[in-house]
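Enquirer: Protein chains in written order, with our numbering: chain A, -10 to 461; chain B, 4 to 105. Where a beta carbon is used, it is the ideal one built from N, C-alpha and C, also for glycine. Owing to the predicted nature of the structure, the values given are computational and were not obtained by experimental measurement.
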Amino acid sequence: MSREILINSAYILASILFVLGLKMLGRQATARRGNLISGIGMLIAIVVTLLDHHVVNYTWILVGLGAGTVIGLACAYLVKMTAMPEMVALLNGFGGLASLIVGAAEFFRIRGGTVVPENPTFTATVTYLTILIGGITFTGSVYAFCKLAEWLSGRAITFGGQHIVNGLMLVATLVAGVVYVVSGDPQTVLLAFAVYTLLALVLGWTLVMPIGGGDMPVVISMLNSLSGVAACAAGFIISNNVLVVAGCLVGTSGVILTAIMCKAMNRSLANVLFSGFGSAPAKAAAGGEGAIQGELKPISAEDTFAVLEAARQVVIIPGYGMAVSQAQHVVRELAEMLEKNGAEVRFAIHPVAGRMPGHMNVLLAEANVPYEQLVEMDAVNPVMPTMDVAIVIGANDVVNPAAARDKSSPIYGMPIINAHEARTVICLKRGKGTGFSGLENQLFLLPNTRMLYGDAKASLQGVVSEFKSLAA
Amino acid sequence: MELILLFFIFTLAGFLGFELIAKVPSQLHTPLMSGSNAISGITIVGAIIAAGADDGSWITTVLGTAAVTLAMINVIGGYFVTDRMLGMFKKKDAPAKKEGSS
């Protein structure tokens, strides 16, 4: 008995550390310590679980812990910062799969008669939920990983009757779940278990399929939330309070982040998940009300330099294109050159720029851009008319003025960074293609916009070398 | 009774989660996500119990070991990558030259 009290007290302590850690993660000054504190909570939870009287054989536990540690460390230290979105997606997937397996293991233990649940109906229900949510989290994350790593097309993949197929599968999953919980026949139960496990895995895949690359920040934060919910459900199977608390904390905090992402696009979660946004290049909304007519005006690196040299207030607006061309270091170099030249430089970050929440912040931090220089959308928009130059690096929809003006545009209503209000706008772009939403960006057609075509990194290096030759 | 208590804890933890991170600056969105992702690796507790229980059933041991490995990757990878990211968030080392100019 005393051992159980010790274990449960340690679980309470671990829960407290998780809460404190999460709270501290929300503030710049304390974030790193907060992560450490929550890590200590995890360590405590793992160590006292080893003392649990159910645990008698340590060999395989140690094998698992050892292998997981090695692989985890390799992941954490070898991954490039530009690959962070897929890394987070993959880790999410592992968490979901682990919860699924815990649910399956309990199923087999109960079936084998070594564990007798107090309330079989309830245990069966939460086992079902754990496997369903864990399975969706796993394959959904793996698919997101493949999209982000560009192993599969990042475009939304839609086909006729997609929602019907998904809906039917969901119904089948529910039926299998009900059969699983209600049926007393061991064979039927095993069959239902196999059916819904398989369906959960397929569902994760097909649910992420119609979601395009630009909506990935929403998907990743939602899968993150689900991995917590899966752990929480697993906690109900084994009546373990630390699983319930920690899983629930992750689940709800993930919901908040998901909501922030949706709000930043002015779209509902249902719209992000089911509309198939970004599936095919849409018709350019040129004829729409309030649409801007004009042409694309290219600019050379030399002329860009001339414009920047005269600028006093510069705002840099990065997007996914900066990550693709790994331009963050040369961007920082350019910012330093501009500052040396007497200009004030800001980085304006849209909440959904990139492929995961906070993606641009992480990349710029890697390039040693101090975080005071990074400003959020709401802070930069009021001063945008005073900016001499806005440099848009591989961002598209988040600076498209159609979102504010053109009611016929699919992205109408999405809050944007008002780059078009700057005196001059320089847009770095790989080619003349459209952005993720498939829309022609009306910003590019404005009279005060110039297009600097080519790989962002190479283009910026050209501009930086102009600055250098000036200094020499 | 135990179930009711678990639901009680669940409900309170849910409210706490909503309150905890209501206002997070967007700079911290990624670390918050990967840090909370690491916490979801808590499922390792269930995995350890499954892997270590001597049921005489190889299925449980195999599943348990796989779950311990996966959850541990989630835990270790999550915490260390978060720490690595947060280590990169720096303030300006030297005092800014043009302070007060805006």
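1) Go to A:T19, then tell me how far its alpha helix (DSSP H) extends in each direction, as first and last residue.
2) Looking only at its chain, what residues have a beta carbon closer than 8 Å to the beta carbon of A:I(-6), apart from the 5 residues adjacent to it on each side?
3) If I follow the unbroken beta strand (DSSP E) through A:K286, where does it start and stop?
4) Let's see if you can read the secondary structure: which residues bound the alpha helix (DSSP H) around B:T64?
5) From which residue to which residue does the alpha helix (DSSP H) around B:P34 run?
6) Measure the alpha-carbon distance for A:I406 versus A:K136 and round it to whole angstroms.
7) Classify A:I395 as buried or exposed, calling it buried when 16 or more other Cβ atoms lie within 10 Å of its own Cβ.
8) The alpha helix (DSSP H) with A:K252 in it runs from where to where?
9) Residues of chain B with a CB under 9 Å from the CB of A:F111: which are they?
10) I'd like to know if the region 358 to 371 of chain A and the region 80 to 95 of chain B are in contact, where contact means that at least 3 CB-CB pairs between them fall below 8 Å.
11) Would you call A:V105 buried or exposed, if buried means 16 or more other Cβ atoms sit within 10 Å of its Cβ?
12) List the residues that DSSP assigns as beta-bridge partners of A:K418.
13) Check A:A337 in the structure and name its three-state DSSP category.
14) If we count the other Cβ atoms within 10 Å of its Cβ and call it buried at 16 or more, is A:G276 buried or exposed?
15) Are any of the Cβ atoms in chain B nearer than 9 Å to that of A:V234?
16) To the nearest angstrom, report how far apart A:K286 and A:I305 are at their CA atoms.
17) Along chain B, in chain order, which residues have C-beta atoms closer than 9 Å to that of A:C135?
18) Going along the region 250 to 264 of chain A in order, which residues come within less than 7 Å of chain B, judged by CB to CB distance?
19) Among A:I35, A:I26, A:Y401 and A:V8, which has the Cα closest to the Cα of A:A(-1)?
20) Looking at the strands, I want to know which residues DSSP matches up with A:E365.
21) Would you call the region 375 to 386 of chain A and the region 408 to 422 of chain A in contact, with 3 or more CB pairs under 8 Å?
22) Short of 7 Å in beta carbon distance, which residues of its chain neighbour B:L66, apart from the five on each side in sequence? Order them along the chain.
23) For A:H348 and A:A312, which I take to be in contact (beta-carbon distance under 8 Å), what is that distance rounded to the nearest angstrom?
24) Let me make sure I understand the geometry here. Which of A:A219, A:A342, A:M250 and A:A316 has the alpha-carbon closest to that of A:V452?
25) Using the Cα positions of A:G443 and A:T112, report the straight-line distance between them to the nearest angstrom.
26) Excluding five sequence neighbours on each side, which residues of the same chain lie with their C-beta closer than 7 Å to the C-beta of A:V178?
27) Note down, in chain order, every chain B residue with its Cβ under 7 Å from the Cβ of A:C237.
28) Whole-angstrom Cβ separation of A:A445 and A:I382, contact assumed at under 8 Å?
29) Among A:R98, A:L262 and A:K329, which one has its Cα closest to the Cα of A:Q302?
30) Output yes or no for whether 9 Å exceeds the beta carbon distance between B:G55 and A:H43.
31) Compare the C-beta of A:C416 against all C-beta atoms of chain B and say whether one is closer than 9 Å.
32) According to a CB-to-CB cut-off of less than 7 Å, which residues of the region 336 to 369 of chain A neighbour chain B?
33) Cutting at 7 Å between CB atoms, please list the residues of its own chain near A:G240, excluding the five before and the five after it.
34) Contact check, B:M75 vs A:L51 under 8 Å by CB: the rounded distance?
35) Within the 9 Å Cβ cut-off, does A:S216 reach chain B?
36) Is the CB-CB distance between A:R419 and A:S314 below 9 Å?
Expert: Taking the structure as given:
1) Looking at the DSSP string, A:T19 is not in any alpha helix (DSSP H), and its letter there is neither H nor E.
2) none
3) Careful: A:K286 lies outside any beta strand (DSSP E) and carries neither H nor E.
4) W61 to M91
5) Here the alpha helix (DSSP H) through B:P34 covers H32 to I42.
6) 26 Å
7) Before going on, a small fix: residue 395 of chain A reads as Asp here, not Ile. By the Cβ neighbour-count rule, A:D395 is buried, with 16 or more other Cβ atoms within 10 Å of its own.
8) N230 to M254
9) Those within 9 Å of A:F111 in chain B are L6.
10) Segments in contact, yes.
11) exposed
12) A:Y442
13) strand
14) Note that A:G276 scores a pLDDT of 43, beneath 50, so its modelled location is shaky and nothing firm can be said.
15) yes
16) Answer to the nearest angstrom: the Cα atoms are 19 Å apart.
17) The contacting residues do not exist; A:C135 stays about 18 Å from chain B at best.
18) none
19) A:I35
20) A:I338
21) Under the 8 Å Cβ criterion, the region 375 to 386 of chain A counts as touching the region 408 to 422 of chain A, having at least three qualifying pairs.
22) Take B:L66, set aside five residues on each side of it, and the residues of its chain with a beta-carbon closer than 7 Å to its own are A53, in chain order.
23) 7 Å
24) A:A316
25) 58 Å
26) Y169 and S172
27) F13, A16, G17 and G20
28) 5 Å
29) Minimum Cα distance to A:Q302 is reached at A:K329.
30) yes
31) no
32) I338, P340, M345, P346, G347, H348, N350, V351, A354, E355, N357, P359, Y360, E361, L363 and E365
33) S214, G217, V218 and C221.
34) Rounded, the Cβ-Cβ distance is 11 Å, inconsistent with contact.
35) Using beta-carbon distances, A:S216 counts as an interface residue toward chain B, with a partner under 9 Å.
36) yes
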